[in-house]
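**Q** What follows is a structure written as structure tokens; I'll ask about it next.
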Amino acid sequence: MRVLLTGGSGFIGSHIALLLLEKGYDVLILDSFVNSSSKAINAIKAYLENKNLNYDLQTISGDIRDKKLLDKIFIDAAKKSNPIQAVLHLAGLKSVSDSLVNPLHYWDVNVCGTQNLLATMNENECYSIVFSSSATIYGLTDSVPISEDHKISPINPYGKTKVAIENMFYDLYRSNMKSWKICSLRYFNPVGAHPSGLIGEDPIGIPNNLFPYITQVAIGRRKFLNVFGDDWDTIDGSGVRDYIHIMDLSEGHINAIDYLCSKKSCFEIINLGSGKGYSVFQIISQFEQSTGSQIPFSIQCRRDGDVARCYADISKAKKFLGWTPKRSLEQICLDGWKWQRKNPNGYS
Ligand SMILES: NC(=O)c1ccc[n+]([C@@H]2O[C@H](COP(=O)([O-])OP(=O)(O)OC[C@H]3O[C@@H](n4cnc5c(N)ncnc54)[C@H](O)[C@@H]3O)[C@@H](O)[C@H]2O)c1
């Protein structure tokens with residue numbers, strides 16, 4: 000089965016690509032490389048070749064807003080008698096702070112790009128899509144665990160684009176309920192790396208997220224970690240979040256495709272998280288214990304837009320996708336550290 004994976008060179012996309020190829024899917028990656036390196040694709044190929052696995056991977060450098068290119072991708076695949084049967088749509092911009100400065104760019108890439116993709120799928124009668132949504136759309140809530148029917152209340156343009164896309168999916172589904180199969184996955188915090196240490200998270204500039212920041216402190220690229228608030232109403236005063244191993248998250252996508260294949264039509268929104276909350280201090284302590292590294296930190300004021308705790312109710316993923324996360328926090332630390340140690344400067 001051939002799938003189109005948009006954003007397949009990015010952090011999450013590269014891990015999903017590897018898993019799809021290992022499972023025998025033919026994968027066509029479309030990525031503009033605006034926030035990723037083609038070295039991630041080379042690493043995937045090297046891993047598969049080392050394992051003597053036959054695979055069918057095609058990479059196209061391009062933008063999801065380029066309608067002519069999308070048309071060509073679908074038409075060429077059909078001509079080769081290997082049409083695209085499903086799309087995993089990860090391409091997009093994801094920085095909350097950048098979205099506050101450049102909102103129109105976020106609406107253009109994320110929303111217009113997705114509309115473009117859906118129009119092309121519709122024209123080519125490809126009706127199955129798995130989408131990368133985000134827990135950020137739940138906004139400032141402290142009522143945990145967060146289930147999918149929790150109020151939607153995004154507080155930044157990035158989150159609003161994800162809500163707009165989910166609304167677009169719903170309208171499209173309602174317009175042709177016999178055909179569309181749509182699964183929007185709301186990720187919590189994907190972290191860690193492939194256990195080989197060959198692919199992992201390589202943020203450009205200062206990491207926005209806790210885990211890559213910790214590994215960069217551990218490798219000596221940053222002096223200390225900033226901890227934003229130690230006076231939250233949590234177990235130790237630091238913020239509590241849901242961290243999910245990137246391989247667990249990737250496996251969730253395979254289950255989501257299987258789920259779509261088993262249905263005549265559907266529209267489902269499903270949380271993907273670990274279902275557990277860990278505080279920043281617990282993460283530091285586990286990382287130090289698992290890796291033997293020291294993580295110096297400095298307490299800073301709370302940031303606007305933060306909450307005390309946020310973690311997922313993952314019962315719907317278990318029920319609908321037959322999926323449960325398997326990897327521990329220790330495994331997250333070990334795999335993330337392995338990637339950073341093998342690649343102190345990421346892909347560069
Ligand atoms: N990483 C997270 O914590 C997180 C959490 C929730 C949701 N998500 C969503 O998951 C998806 C993947 O996230 P990621 O962490 O792998 O990010 P990433 O930036 O590493 O990957 C996104 C990929 O999309 C590509 N891209 C961006 N704009 C494009 C365009 N116009 N056309 C084609 N390709 C384009 C980038 O080059 C990059 O390779 C994103 O949609 C993101 O919003 C991520």
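Mapping to numbering that gives the first Met the number 0: the sequence shown position 115 is 114, numbers consecutive.
Note that beta-carbon positions come from the ideal geometry of N, C-alpha and C, so glycine has one too.
CA-CA distance, Glu267 and Lys38?
**A** So the two alpha carbons sit approximately 34 Å from each other.
**Q** Can at least three beta-carbon pairs, one atom from the segment 224-233 and one from the segment 255-266, be found at a separation below 8 Å?
**A** No, the segment 224-233 is not in contact with the segment 255-266.
**Q** Between the beta-carbon of Val239 and the beta-carbon of Gly276, is there less than 8 Å?
**A** Going by C-beta atoms, Val239 is nearer than 8 Å to Gly276.
**Q** Per DSSP, what kind of secondary structure is Ser13 in: helix, strand or coil?
**A** In this structure, Ser13 counts as helix in the three-state DSSP scheme.
**Q** For Asn225, which beta-bridge partners are listed by DSSP?
**A** DSSP, once it has assigned bridges, lists Ser297 as partnering Asn225.
**Q** Please classify Glu104: does DSSP put it in a helix, a strand, or coil?
**A** One detail in the question is off: residue 104 reads as His in this sequence, not Glu. In this structure, His104 counts as helix in the three-state DSSP scheme.
**Q** Leaving out five residues on either side along the sequence, give the residues of the same chain with a beta carbon under 8 Å from the beta carbon of Asp230.
**A** So the qualifying residues of the chain are Gly236 and Arg301.
**Q** Quick test of your reading: Leu198 and Ala42, contact by CB under 8 Å. State the CB separation rounded to the nearest angstrom.
**A** Note on identity: in this sequence residue 198 is Ile, with Leu being the wrong assignment. That pair is a contact at about 5 Å.
**Q** Starting from the C-beta of Glu21, find all residues in its chain whose C-beta is less than 6 Å away, skip the five residues before and the five after it, and write them out in chain order.
**A** If we look at Glu21 and ignore the five residues flanking it on each side, it has no Cβ neighbours.
**Q** Can you give the beta carbon distance from Asp70 to Thr119, rounded, assuming they're within the 8 Å contact cut?
**A** Indeed, because the Cβ distance is near 6 Å, the residues count as touching under 8 Å.
**Q** For Cys309, which option in Ile283, Asp334 and Ser278 has the closest C-alpha, if you only look at C-alpha atoms?
**A** Answer by Cα proximity: Ser278.
**Q** Looking only at C-alpha atoms, which of Ser183, Gln281 and Asn188 sits nearest to Ile234?
**A** Cα-wise, what sits closest to Ile234 is Gln281.
**Q** Can you find a heavy atom of ligand 1 that lies under 7 Å from the Cβ of Pro211?
**A** No, the beta carbon of Pro211 sits no closer than 7 Å to any heavy atom of ligand 1.
**Q** Would Ser264 pass as a contact of Lys177 if the rule is Cβ separation under 8 Å?
**A** Yes, the Cβ-Cβ distance between Ser264 and Lys177 is below 8 Å.
**Q** Where does Phe32 sit, in a helix, a strand or coil, going by DSSP?
**A** Of the three classes helix, strand and coil, the one that applies to Phe32 here is coil, per DSSP.
**Q** Output the boundary residues of the alpha helix (DSSP H) element that contains Thr113.
**A** Gly112 to Glu122 is the extent of the alpha helix (DSSP H) around Thr113.
**Q** On the premise that Gly23 lies in contact with Thr214, defined as a C-beta separation below 8 Å, what is that separation, rounded to the nearest angstrom?
**A** Rounded, the Cβ-Cβ distance is 32 Å, inconsistent with contact.
**Q** Determine, using beta carbons only, whether Ile243 and Phe187 come nearer to each other than 8 Å.
**A** Going by C-beta atoms, Ile243 is nearer than 8 Å to Phe187.
**Q** Going by DSSP, name the residue or residues bridged to Cys265.
**A** In DSSP, Cys265 forms a bridge with Lys180.
**Q** Any chance the CB of Phe32 is under 7 Å from a heavy atom of ligand 1?
**A** For ligand 1, at least one heavy atom lies less than 7 Å from the Cβ of Phe32.
**Q** I'd like to confirm something about Thr5: is its beta-carbon nearer than 7 Å to some heavy atom of ligand 1, or not?
**A** Yes, the beta carbon of Thr5 sits closer than 7 Å to at least one heavy atom of ligand 1.
**Q** Taking only heavy atoms of ligand 1 into account, decide whether any of them is closer than 7 Å to the Cβ of Ser357.
**A** Within the shown structure, residues of the chain are numbered from 0 to 347, placing residue 357 beyond reach of any answer.
**Q** May I ask you to report which of helix, strand or coil DSSP gives Phe210?
**A** Note: Phe210 maps to helix in three-state DSSP.
**Q** For ligand 1, is there any heavy atom lying closer than 7 Å to the beta carbon of Phe10?
**A** Phe10: yes, Cβ under 7 Å from ligand 1.
**Q** Look at the alpha carbon of Ile28 and the alpha carbon of Asp65, and state the distance between them as a whole number of angstroms.
**A** Between Ile28 and Asp65, the C-alpha separation is close to 15 Å.
**Q** Measure the alpha-carbon distance for Lys159 versus Asn81 and round it to whole angstroms.
**A** Answer to the nearest angstrom: the Cα atoms are 36 Å apart.
**Q** Around the Cβ of Pro189, are there at least 16 other Cβ atoms within 10 angstroms (buried) or fewer (exposed)?
**A** It counts as buried.
**Q** In the DSSP assignment, find the alpha helix (DSSP H) that holds Arg340 and state where it starts and stops.
**A** Here the alpha helix (DSSP H) through Arg340 covers Leu328 to Lys341.
**Q** Closer than 7 Å: is that where the CB of Ile63 sits relative to any heavy atom of ligand 1?
**A** Indeed, a heavy atom of ligand 1 lies less than 7 Å from the Cβ.
**Q** Pairs of beta-carbons, one from the segment 97-106 and one from the segment 47-57, closer than 8 Å: are there three or more?
**A** Verdict: no, contact absent.
**Q** Taking the Cβ atom as the reference point for each residue, do Leu271 and Arg185 lie within a distance shorter than 8 Å?
**A** Yes.
**Q** Does DSSP classify His352 as helix, strand or coil?
**A** Coverage of the chain is limited to positions 0 through 347, which leaves residue 352 absent and any answer about it impossible.
**Q** When the distance is taken between beta carbons, is Arg1 closer than 8 Å to Gln114?
**A** No, they are not a contact pair.
**Q** Leaving out five residues before and five after Gly353 in sequence, what residues of the same chain have Cβ atoms less than 6 Å from its Cβ?
**A** Residue 353 cannot be examined here, being either before or after the span of the chain that is shown, 0 to 347.
**Q** By DSSP's criteria, Val2 is part of a beta bridge. Which residues make up the other side?
**A** Val26 and Ala85, per the DSSP bridge assignment.
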